[in-house]
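So that you can map any letter, position 93 of the sequence shown is 215 in my numbering, and since no number is skipped, the others follow by simple counting.
Here's the structure we're looking at; comments come further down.
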Amino acid sequence: MRESLRLRLVLWYALVLTLVVVSYGAAVVYQSWRSTTAGVDAELEAYAREVSKALRPVEGGRFDLELSPEAAASFFQREGDRPYYVIWGPGGELVDQSDPNLHVVPPGNTAAGRRETTVQAASGATVLVGRDIADLRRAEWGLFLNVALAGLATLAVAIVGGWFVAGRALAPIKRISETARAMSGGDLNARIAVERTESELEQVASTLNDAFDRLRLAVEQERQFIADASHELRTPISVMRAETEWALDRDRTGQEYKNALNVGRRATLRMQDIVERLLALVRADASSDARQRIPVAVGTLMEDVVTWLAPVAQERGVQLSITGDRFTVEGDPEQLREAFNNVIGNAILYNKPAGAVTIGMRLAGGTGRVEVADTGIGIPADAVPRVFDRFFRVDTARSREMGGSGLGLSIARSVFSAHGGDITCTSEPGVGSMFVIVLPTLADPRHPSSLNSIQPAADTRARD
Ligand code: ADP
């Protein structure tokens, strides 16, 4: 394909160049012939005038010709292409001719290979002066051959040069397609050598390299995700296997079977939770394209989430409060509920006993902002940027113990970004964390008011 592109480029280039060279060569040869014949004609005309002036009629219808010595020398020289003259009398009778061997052709019928001029003399005679132009034709033919050879040489050099230059110019395309092929063949580290490409192709190459980088990152993240998911599922599966093997090992008491089944049930619930979260993550990732978009009143949604989490907060003695503006966004209510549930649930779970979770909602310039602040254990500075990564947990043992899988915040981030929003985190270990969610809002005249402040968790439940 690249060869055919190169061939086509060179063929077009050669065609245009041939047209230029041929027209230029033709113009050179034509102009040269024109100026040669014009010179010959002027010379013949001068001779003809000189002959007609030198012609004197004498009695008996005869003429006397007294040529100047220079003219006579030209007409009667021995060497070279001399001019000739032919004189006819007023009656058309041949009076004289400089070359007796010349086959005389009447005026107006120039013989091939000659150039002739006729003038009417005052004496009534007709004077024709001409010369053989075979030598001029030969010289012109020589010029034509030289021009043709020079043109052919120019064409040959230009075509070979063009082929070489086109090859060099197209070589980066070959490298780019080879790299793309290597990449699609599984070599995720293949990159185009950008410094070796030229001009516009350099930009193409670096754009493709960026795309390759992102592709590699995506593939690696996907691999990591699968590895992490398998690792997560392996623990409950191992527990189930060990427990069933232990139960089947020999006869057990009814209580022992019951205990084993309970362990099995917990492991199954854990697996179910992980699988559901994985599905939620996949749904959130895919939902930016095919999202069920309806107006969602975030104030009401937050009240629902707070109501839902109130028993957990109460159990841990954590105070839940929600204040601020109501606003409406466009999106999938179930996904948004799950995302807020994960963030607020974490704020309760990773809190201190008798701690507090404050949810502040603000509406400013088409953007709704939800701040979830807690007085919990906080997150170390180096872990803050990673809390949204899949399967990331600051304290794996503690998180597992609380039923965490390290997926809650990555689900939240996927959901919020699929809704055109974002979630960020700031934290101070030992003091608390704050998660800020921003979402583009819909103007909603039905909910212009502020939220009623919900104070203790128990109150929230009472509102149901
Ligand atoms: P998990 O299911 O383990 O809670 P998440 O993705 O929701 O997973 O959270 C990732 C990790 O971030 C948690 O394991 C926890 O270590 C930390 N984390 C999340 N929210 C908080 C918070 N409010 N306070 C302290 N640590 C938190």
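For glycine and all other residues, C-beta sits at the position ideal for the given N, C-alpha and C.
Asked                                                                                                                        : Found
Environment of Leu129 [buried if 16+ CB atoms lie within 10 Å]                                                               : exposed
Alpha-carbon to alpha-carbon, Gly284 and Phe510                                                                              : 56 Å
Leu529 classed as buried or exposed, judged by whether at least 16 other C-beta atoms fall within 10 angstroms               : buried
Contacting residues, own chain, Cβ-Cβ under 8 Å from Tyr146 (five flanking each side not counted)                            : Gly273
Pro570 (DSSP reduced to helix, strand or coil)                                                                               : Reliability fails at Pro570, whose pLDDT of 48 lies under 50, so the model's placement of it is uncertain and the value that follows must be treated cautiously. Coil at Pro570, not helix or strand.
Where Arg156 falls, given that 16 or more other Cβ within 10 Å makes a residue buried                                        : exposed
Residues near Ala312 in its chain [Cβ-Cβ closer than 6 Å; skip 5 each side]                                                  : Thr301, Ala304 and Met305
Stretch-stretch touch, CB-based, cutoff 8 Å, three pairs: the region 209-228 with the region 240-258                         : yes
Terminal residues of the beta strand (DSSP E) in which Tyr206 lies                                                           : Tyr206 to Trp210
Leu485 versus Gly552, Leu561 and Val479, residue with shortest Cα-Cα distance                                                : Leu561
Selected residue, minimal CA-CA separation from Leu131, among Val241, Val151 and Ala288                                      : Ala288
For Val451 and Leu564, believed in contact at Cβ under 8 Å, the rounded distance                                             : 6 Å
Candidates Gly182, Phe449, Ile501 and Ala349, of which the one nearest Thr489 by Cα                                          : Phe449
Tyr379 Cβ short of 8 Å to the ligand ADP heavy atom set                                                                      : no
Local conformation of Asp504 per DSSP, three classes                                                                         : coil
Span separating the alpha-carbon of Val227 from that of Leu141                                                               : 42 Å
Residue interval of the beta strand (DSSP E) (run including Ala270)                                                          : Where Ala270 is concerned, there is no enclosing beta strand (DSSP E), although the alpha helix (DSSP H) it sits in stretches over Ala256 to Ser306.
Glu493 in three-state terms, based on DSSP                                                                                   : strand
Assumed close pair Val465, Ala534 - CB separation to whole angstroms, cut-off 8 Å                                            : 5 Å
C-beta atoms of Phe513 and Ser539 nearer than 9 Å                                                                            : no
Cutoff 6 Å; reference Ala495; Cβ partners in own chain excluding five residues on either side                                : Thr480 and Met556
Opening and closing residue of the beta strand (DSSP E) in which Ile444 lies                                                 : Gln441 to Gly446
Closer than 8 Å: Ala402 CB and nearest the ligand ADP heavy atom                                                             : no
Beta-carbon contacts of Gly183 that lie in its chain and below 7 Å, excluding the five residues immediately before and after : Gly211
Contact test: Val553 Cβ vs the ligand ADP heavy atom, cutoff 8 Å                                                             : no
Exposed unless 16 or more other CB atoms sit within 10 angstroms - verdict on Ala243                                         : buried
For Leu139 and Gly214, the rounded distance between their alpha carbons                                                      : 56 Å
Cα-Cα separation between Thr582 and Thr329, rounded to whole angstroms                                                       : Low confidence applies to Thr582: its pLDDT is 37, below 50, so where it sits in the model is not reliable, and the reading given next is rough at best. Rounded to the nearest angstrom, the two C-alpha atoms are 53 Å apart.
Sheet register partners of Leu216 (DSSP bridge)                                                                              : Trp210
Enclosing alpha helix (DSSP H) for Leu189 [first to last residue]                                                            : Note, Leu189: premise wrong, no alpha helix (DSSP H); not H, not E.
Through-space distance from Leu267 to Gln219, alpha-carbon basis                                                             : 37 Å
8 Å Cβ shell around Leu177 - same chain, five flanking residues per side excluded                                            : Phe185, Asp186, Leu187, Ile209, Ala243, Ser245, Ala247 and Val249
Three-state secondary structure (DSSP) of Gly554                                                                             : strand
Which of helix, strand or coil DSSP assigns to Pro475                                                                        : coil
Buried or exposed (CB count within 10 angstroms, at least 16 for buried), Phe462                                             : buried
C-alpha distance - Arg374 paired with Pro358, whole-angstrom precision                                                       : 22 Å
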